[in-house]
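Engineer: As they're listed, the protein sequences go chains A and B.
Its first residue numbered 1, the first sequence is counted upward by one per residue in the working numbering.
Its first residue numbered 1001, the second sequence is counted upward by one per residue in the working numbering.
Every residue, glycine too, gets a C-beta built ideally from N, C-alpha and C.
Can you read through this structure? Questions will come right after.
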Amino acid sequence: MNRGESIVFIVDDDVSVREALSDLIASVGLKVSAFGSAAEFLDAKKPDFPACLVLDLELPDTNGLELQLKLASEVGPPIIFITGHGDIPSSVRAIKAGAIEFLTKPFKEEDLLRAIQAAIAQDQAARKNRLEMAELQKCYSLLTPREQEVLPFVVAGFANKQTAGELGTSEVTIAVHRGQIMRKMNARSLAELVRMADQLRIPNKLAPR
Amino acid sequence: MLLKNNVALAGRAEKLVSGIVRPAHKIGVRLALSFIVIILLMAVGYAVALWQFRELRAQQQNLDTAYQESAAVLNLNAHLFAFKDRLEDLSDAQRGSQFVLEANGLRKGLLNDIERAKRALEDLPPNVERDSFVLVSLDTVESALPVQIDAMSDLAKANDWSAIRLRSQNQMRQLSYLTSALVDKVASGVAVERARVLRNTQLTEFRFLLTLIGAGSVTLLVAAALGLAVTRSITRPLALLDRGAKSLARGAFQYEVAVAGQDELADLAKVFNRTARQLQDLYQNLQANEARFRSLIEHSSDFIVVLDREGAIRYVSPSSEHVLGLKSENLVGKEILFLIHPDDLARIRSVLGAGTSTAIQIFEFRYRHPGREERIIEAVKTNLLDNPAVAGVVVNARDITERRRAEQELRRNEAFLAEGERLSHTGSWVWKLGSDAMSWSQEHFRILGYDSCKPSLDLFWERIHPEDRVRLRQTFEKAIREKHDVETEFRIIQPDGAVRFIASVSHAVADETGQLIEFVGTSMDITERKRADDALQQMQAQLAHVARVASMGELTASIAHEVSQPLTGIIVNATAGLRWLAAEPPNLERVRESLARINRDGNRAAAVVTRIRALFKKSPFRAEKLDINESIGEVIALIGSEVRAKNITIETQLADSLPPISGDRIQLQQVLLNLIVNAIEAMSETHDPRILGVKSWAESVSGSVSVSVCDSGPGLDSVNTVNLFEAFYTTKPEGTGMGLAISRSIVSAHGGQLNATSNEGRRGATFEFSLPAID
């Protein structure tokens, strides 16, 4: 098991379940932080570790699904739902909204632990992804407005001459821009640049005529 | 002038008369006044006559005086002539001494005559004319005579007879002449006087006659007028009275005599009028009485028949027509027996046949009414043949058909009542206070299990269940003390040992002074009802149980959740514990903690199961002292997860230190459960905040404990508020419609009330019940 820095959050209003889960998760060597309500969880200061959330579907202050939606708008941890009486519509909604697992009490501990591991792994990947993205965006922000204007033409496979024609400038100027773009974006190849632009969701210009 | 006088007199007399005969005076006074007037008038006449006589006498007197004067003068004259003659004789005889002697006597005699004549003249009444010449002449004679005589005497002494003779011829002659003239004078005076007297006498006589006639005629006139007036003043009212008396005699009482004045007749008229009025009143009263009695007789339901000695109808009162349907005049002269039903004839004939018997007899017969159904007539026969005022047999009869019918009705009603008492197992009784005596209805005898005996309080107490005696006695003692009605239940033991339940209602009857005199009551055998009640109660308990189980069925998911929570805890804790145990080295501290939690969760699951089992249990009604908040807490614990699953917020407001109540815990929890489940279901379609409010509080006034369950659902409309608590009424597709009906009957059985209201100012409904607290 990954004993690196990671944490499991538990939100369940039932003390029996909450304490038992905390103990179980602690017994596999993971950090645990348990809360009795959604509000407590939202208010708590959370360490910036890969994490996952074990969430009771029925909470006294709010519905687990609502909390899920709320967390999705931020960058929340992956969610594993547990419920006393799971109904199919709720589970479908939860999974669609990105829940890792939907477990009905009483559940097998392996299922929970497996889900927790998967969730943490997913969070790790997501965090890595978010890090790369942040890097890319930082690079992209270094581009001048003209360079940002040129970038879509480059990744769309336009030749410098064509781009210059489109933007009404000289081929040389476009070549200089292109070099600057490659440098600033730390792109070793056009292919890499294209992938980056894709990641940044920069719209493709239409292929040259 | 006389006529005028008379007219004036008559006018005055008229006035006088009218003054006298005015009816303002009594008749006696009037008559006396009239007589006084007449007498006065007569007196006046007499006075006038007397005056006239006096006048006449005065004239006579004057005449007498004139005669006396004349006589005196004549006497003087005669004496003087005699004196002269003597003197002449003496002188002739010449005897002086004789002469002197006689002369003195003569002088004395002459002086006396003169004196007398003078006196006669002086004595004349003053009204008689006095001749101054006479007196002067007399004075002259008086003064001259003695002188002449003395002179002659002296001459005689001296015997100078010639002188004497001369003197006598001259002087004495003169004196004679004087006296002769005096005589003439007086004689003429007398003649004048006599003529005057004669004239006056004639006048007086005439006046006297006139006065007599005048006074007499005036007196007569006045007397006649007075007489007429007085008579009229008497006869006129008398005539009126006479007329009044005649009209009275005719029966015209309204005639009223005109009353004028204040005399005896006016009094009489007043008395007459009063009497007439009284007579009128009397007559009217008499008439009214007569009319009343007539109307009484004619309109009374009774009628009177008077029979003669032979049994024929002599009189029958008009009211008979109403009863008999036959005109009363058609009955007179008929034989009375024809009215009587042939079947009754023989019997009645024997009664009336003994017509001579004086005893009052009452008999009844049937009468075939010509226009109606057969009537029953009751009659009283009184023999008054010997009473001269009646001289008949008086039969007083009345139609008693209705009474007989009412009596029959009454008997039937009594029978109905007895039947009713028998069917309803209700006996009635009366207990006279202060005595042992009671009266019981037939059914009361039956209920107490007595056959026939004299009802008494002792016999009543004998049947009362020994356990109820003290209480019942106290109840009645209190009722007697406070004078109020009694409503109570007790048991009796019948002779066969059967115990019967009796519900008794009795009314305390007081006399007009407020003194309690008796109790009138009913005793109802409610044993069967009691048994039915028990059975019903049992049925209700069963039904409540069924409903409870049904509602538990609705809560299965929730209950499963309540159990699965601690079960999850147990399983997870066990897994964790195993892991701690499997660690190298085993973390025994954590294992211990896990086991402690397993223990706790296990107990928790067990408690849930216990509660559920309690609700499922089919137990009879058992009242115990309980805290309603505790029961509320247990119910909320059972449905907590259901509430959460439905996204409902529970808001509880349970008052601290509520007084305990007495009730069946399970049944009350059933009510709470039912109300809460209803509230949850009511909010299933609600998207607004779903709030379930549960409240408990103590009612300070009534000393009860109230619980309310409030939701934020659509609320109640007026229609379903009415029907809400009826059995089988439901607004839910799967509802049985029994929940609220059962809840209400449970609350009622606890002496409370269950009500529903729509929330004011916000959505939802509130169900509220209150239960009496134990003090």
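Report the neighbours of B:P1566 on chain A: residues whose CB is nearer than 9 Å to its CB, in chain order.
Structural biologist: What you label residue 1566 of chain B is simply residue 566 of the second sequence in a count that begins at 1. Simply D14, S16, V17.
Engineer: Just to confirm, are B:V1694 and B:T1652 a CB contact at a threshold of 8 Å?
Structural biologist: Counting from 1 along the second sequence, the entry for residue 1694 of chain B is found at position 694. Counting from 1 along the second sequence, the entry for residue 1652 of chain B is found at position 652. The answer is yes: Cβ separation under 8 Å.
Engineer: Starting from B:E1482, trace the alpha helix (DSSP H) in both directions and tell me its first and last residue.
Structural biologist: Position 482 of the second sequence holds residue 1482 of chain B. Looking at the DSSP string, the run of the alpha helix (DSSP H) that includes B:E1482 is 1466 to 1482.
Engineer: According to DSSP, is B:E1512 part of a helix, a strand, or is it coil?
Structural biologist: On the second sequence, position 512 is the one that residue 1512 of chain B refers to. If DSSP states are grouped into helix, strand and coil, B:E1512 belongs with coil.
Engineer: In this structure, how does DSSP classify A:D23 when only helix, strand and coil are distinguished?
Structural biologist: Here residue 23 of chain A refers to the residue found at position 23 when the first sequence is read from its first residue. Note: A:D23 maps to helix in three-state DSSP.
Engineer: Please report the Cβ distance between B:I1639 and B:A1773, rounded to the nearest whole angstrom; I am assuming they are in contact, meaning their Cβ atoms lie under 8 Å.
Structural biologist: Residue mapping note: residue 1639 of chain B aligns to position 639 of the second sequence, counting from 1. Residue mapping note: residue 1773 of chain B aligns to position 773 of the second sequence, counting from 1. Not really, about 26 Å apart at Cβ, beyond 8 Å.
Engineer: Taking the C-alpha atoms as reference points, what is the distance between B:I1517 and B:S1748?
Structural biologist: Taking the second sequence and counting its residues from 1, one reaches residue 1517 of chain B at position 517. Taking the second sequence and counting its residues from 1, one reaches residue 1748 of chain B at position 748. B:I1517 and B:S1748: Cα-Cα distance of roughly 39 Å.
Engineer: Using 8 Å as the limit for Cβ to Cβ distance, is A:S27 near chain B?
Structural biologist: Along the first sequence, read from residue 1 onward, the residue named residue 27 of chain A stands at position 27. Answer yes: the Cβ-Cβ gap between A:S27 and chain B drops below 8 Å somewhere.
Engineer: Going by beta-carbon coordinates alone, are B:R1446 and B:H1465 separated by less than 8 Å?
Structural biologist: Counting from one through the second sequence, the residue named residue 1446 of chain B turns up at place 446. Counting from one through the second sequence, the residue named residue 1465 of chain B turns up at place 465. The answer is no: Cβ separation not under 8 Å.
Engineer: Say whether chain A places a C-beta atom closer than 8 Å to the C-beta of B:H1561.
Structural biologist: The residue labelled residue 1561 of chain B in the question sits at position 561 within the second sequence. Interface residue, yes.
Engineer: Rounded to a whole number of angstroms, what is the C-alpha to C-alpha distance between B:A1406 and B:E1374?
Structural biologist: Along the second sequence, read from residue 1 onward, the residue named residue 1406 of chain B stands at position 406. Along the second sequence, read from residue 1 onward, the residue named residue 1374 of chain B stands at position 374. Going from the Cα of B:A1406 to the Cα of B:E1374 covers about 16 Å.
Engineer: Return yes when the C-beta of A:Q148 is under 7 Å from any heavy atom of the ligand MG, and no when it is not.
Structural biologist: Among the ligands in the structure shown, none appear at all, so the ligand MG cannot be discussed.
Engineer: The beta strand (DSSP E) spanning B:Q1059 covers which residue range?
Structural biologist: Stepping through the second sequence from its first residue, residue 1059 of chain B is reached at position 59. Here B:Q1059 belongs to no beta strand (DSSP E); instead the alpha helix (DSSP H) covers 1027 to 1093.
Engineer: Along chain A, in chain order, which residues have C-beta atoms closer than 9 Å to that of B:N1647?
Structural biologist: Locating residue 1647 of chain B in the second sequence gives position 647, where the first residue counts as 1. Those within 9 Å of B:N1647 in chain A are E58, T62, N63.
Engineer: Residue range of the beta strand (DSSP E) that B:C1710 falls in?
Structural biologist: The residue you call residue 1710 of chain B lines up with position 710 of the second sequence. Segment 1704 to 1710, the beta strand (DSSP E) holding B:C1710.
Engineer: Using a beta-carbon distance below 8 Å, is B:N1599 in contact with chain A?
Structural biologist: Here the question's residue 1599 of chain B lines up with position 599 in the second sequence. Not an interface residue.
Engineer: When you compare only the Cα positions, how much space is there between A:V92 and A:M185?
Structural biologist: For this step, residue 92 of chain A is matched to residue 92 along the first sequence. For this step, residue 185 of chain A is matched to residue 185 along the first sequence. C-alpha separation (whole angstroms): 41 Å.
Engineer: Can you list, in chain order, the stretches of the alpha helix (DSSP H) that have 4 or more residues and sit fully within the region 1336 to 1418 of chain B?
Structural biologist: Within the region 1336 to 1418 of chain B, the alpha helix (DSSP H) runs of at least 4 residues that lie entirely inside it are, in chain order, 1342 to 1353.
Engineer: Straight-line CA distance for B:D1344 to B:L1433?
Structural biologist: Sequence index remark: in the second sequence, residue 1344 of chain B carries index 344 (1-based). Sequence index remark: in the second sequence, residue 1433 of chain B carries index 433 (1-based). Each residue's CA atom was taken as its position, placing B:D1344 and B:L1433 some 49 Å apart.
Engineer: Am I right that A:I80 and A:E101 are in contact with their C-beta atoms under 8 Å? What's the rounded C-beta distance?
Structural biologist: Position 80 of the first sequence holds residue 80 of chain A. Position 101 of the first sequence holds residue 101 of chain A. That pair is a contact at about 5 Å.
Engineer: What is the DSSP secondary structure of A:I202, reduced to helix, strand or coil?
Structural biologist: Residue numbering aside, residue 202 of chain A sits at position 202 when the first sequence is read from its first letter. Looking at A:I202 - three-state DSSP - the assignment turns out to be coil, as it is neither helix nor strand.
Engineer: Are the region 5 to 19 of chain A and the region 36 to 43 of chain A touching, with three or more C-beta to C-beta distances below 8 Å?
Structural biologist: yes
Engineer: I'd like the list of long-range same chain contacts for B:R1173, defined as Cβ closer than 6 Å, with 5 residues on each side in sequence excluded.
Structural biologist: The residue labelled residue 1173 of chain B in the question sits at position 173 within the second sequence. Contacts found: none.
Engineer: Just reading off the beta strand (DSSP E) that B:D1302 is part of, what are its end residues?
Structural biologist: Mapped onto the second sequence, residue 1302 of chain B falls at position 302. Taken as a continuous stretch (DSSP letters only), the beta strand (DSSP E) holding B:D1302 covers 1302 to 1307.
Engineer: According to DSSP, is B:H1425 helix, strand or coil?
Structural biologist: The residue labelled residue 1425 of chain B in the question sits at position 425 within the second sequence. If DSSP states are grouped into helix, strand and coil, B:H1425 belongs with coil.
Engineer: Since A:I221 contacts A:K31 with CB under 8 Å, what's their CB separation in whole angstroms?
Structural biologist: Outside the modelled stretch of chain A, which goes from 1 to 209, sits residue 221 of chain A, for which no answer is possible.
Engineer: Can you pull out the residues from the region 1610 to 1627 of chain B whose beta carbon lies closer than 9 Å to at least one beta carbon of chain A?
Structural biologist: none
Engineer: Assuming the contact rule is C-beta atoms closer than 8 Å, B:I1502 and B:D1525 should be a hit. Round their C-beta distance to whole Å, please.
Structural biologist: Position 502 of the second sequence, counted from the first residue, corresponds to residue 1502 of chain B. Position 525 of the second sequence, counted from the first residue, corresponds to residue 1525 of chain B. Your pair B:I1502 and B:D1525 checks out as a contact, with CB atoms roughly 6 Å apart and the cut at 8 Å.
Engineer: Beta-carbon separation of B:S1317 and B:I1336 under 8 Å?
Structural biologist: Here residue 1317 of chain B refers to the residue found at position 317 when the second sequence is read from its first residue. Here residue 1336 of chain B refers to the residue found at position 336 when the second sequence is read from its first residue. Contact: no.
Engineer: Using a Cβ-Cβ distance under 8 Å, would B:V1572 count as near chain A?
Structural biologist: Here residue 1572 of chain B refers to the residue found at position 572 of the second sequence. B:V1572 counts as touching chain A.
Engineer: Measure from the alpha carbon of B:A1576 to the alpha carbon of each residue in A:T173, A:L112, A:C52, then state which is nearest.
Structural biologist: As a working mapping, residue 1576 of chain B is identified with position 576 in the second sequence. Measuring C-alpha to C-alpha distances from B:A1576 to each of A:T173, A:L112, A:C52 identifies A:L112 as the nearest.
Engineer: Closest to B:L1210 by CA distance: which of B:N1330, B:L1307, B:Y1046 is it?
Structural biologist: Within the second sequence, numbered from 1, the residue matching residue 1210 of chain B stands at position 210. For B:L1210, the nearest C-alpha among the options comes from B:Y1046.
Engineer: Label B:Q1408 either buried or exposed according to how many other C-beta atoms from any shown protein chain fall within 10 Å of its C-beta, with 16 as the threshold for buried.
Structural biologist: For the purposes of this step, residue 1408 of chain B is taken as the residue at position 408 of the second sequence. Exposed, by the Cβ-count rule.
Engineer: Which of the three DSSP states, helix, strand or coil, is assigned to B:M1438?
Structural biologist: To locate residue 1438 of chain B, count along the second sequence from 1; it is residue 438. Under the three-state reduction of DSSP output, B:M1438 falls in the strand class.
Engineer: Among A:C139, A:L24, A:R18, A:M182, which residue has its Cα nearest to the Cα of A:E109?
Structural biologist: For the purposes of this step, residue 109 of chain A is taken as the residue at position 109 of the first sequence. Checking every option, the nearest Cα to that of A:E109 belongs to A:L24.
Engineer: Excluding sequence positions up to five away, which residues of its chain have a Cβ less than 6 Å from the Cβ of B:W1440?
Structural biologist: As a working note, residue 1440 of chain B is residue 440 in the second sequence. W1429, P1455.
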